[in-house]
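Numbering (the working numbering), first residue to last: 1346 to 1521.
Yeah, the Cβ is synthetic: ideal placement off N, Cα and C, and Gly gets one too.
If you're wondering where the values come from, they're calculated on a predicted model, not measured in any experiment.
Down below is the structure, laid out as structure tokens.
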């Protein structure tokens, strides 16, 4: 009853024996205050559990993020190794192709030098074919013409045909 008197004084109420309504109200206020204390304890408990849950989720999320980063690092390292292997293979192939290119350049230069320095030879011109129907005469003429083409470095067939036509005289008899 002593605690009740203190509460009544703090609210400016008198300590007289109050009416039953006032008494009931005072009891209700006391019950409400006690209930509010329970509610505050429950709120504190929920708050603690909520904060604990948030911390747990944060830890799980942090662990997930680090696991994901580690996995991505491993994948990137594998791709990096594969890319380095490809670059190394391409560099080797480029070096090999450079070597082949040098060989081809030397071959071309040597070929040009060989062809560009024709010996100044006096190549005798073949004798005109006179239309004799002898196989040995035809063979001799064709052999002489081929030797002339080789000595003069004539490789184009159109030029060969034009030159051979000059040396045929009276050939109509051969073909008939």
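Just mark residue i as buried or exposed, buried being the case when its beta carbon has 16 or more other beta carbons within 10 Å.
i: residue 1409; result: exposed
i: residue 1471; result: buried
i: residue 1449; result: exposed
i: residue 1395; result: exposed
Determine the contact status of residue i and residue j, defining contact as a CB-CB distance below 8 Å.
i: residue 1468; j: residue 1489; result: no
Would you mind working out which of the options sits nearest residue i, comparing C-alpha positions?
i: residue 1512; options: 1501, 1369, 1491 and 1379; result: 1491
Expressed to the nearest angstrom, what Euclidean distance is found between the alpha-carbon atoms of residue i and residue j?
i: residue 1436; j: residue 1445; result: 14 Å
i: residue 1486; j: residue 1498; result: 18 Å
i: residue 1452; j: residue 1442; result: 15 Å
i: residue 1411; j: residue 1400; result: 16 Å
i: residue 1382; j: residue 1391; result: 14 Å
i: residue 1380; j: residue 1372; result: 12 Å
i: residue 1402; j: residue 1377; result: 36 Å
i: residue 1432; j: residue 1421; result: 16 Å
i: residue 1369; j: residue 1384; result: 22 Å
i: residue 1364; j: residue 1375; result: 17 Å
i: residue 1406; j: residue 1416; result: 15 Å
i: residue 1425; j: residue 1438; result: 20 Å
i: residue 1505; j: residue 1447; result: 35 Å
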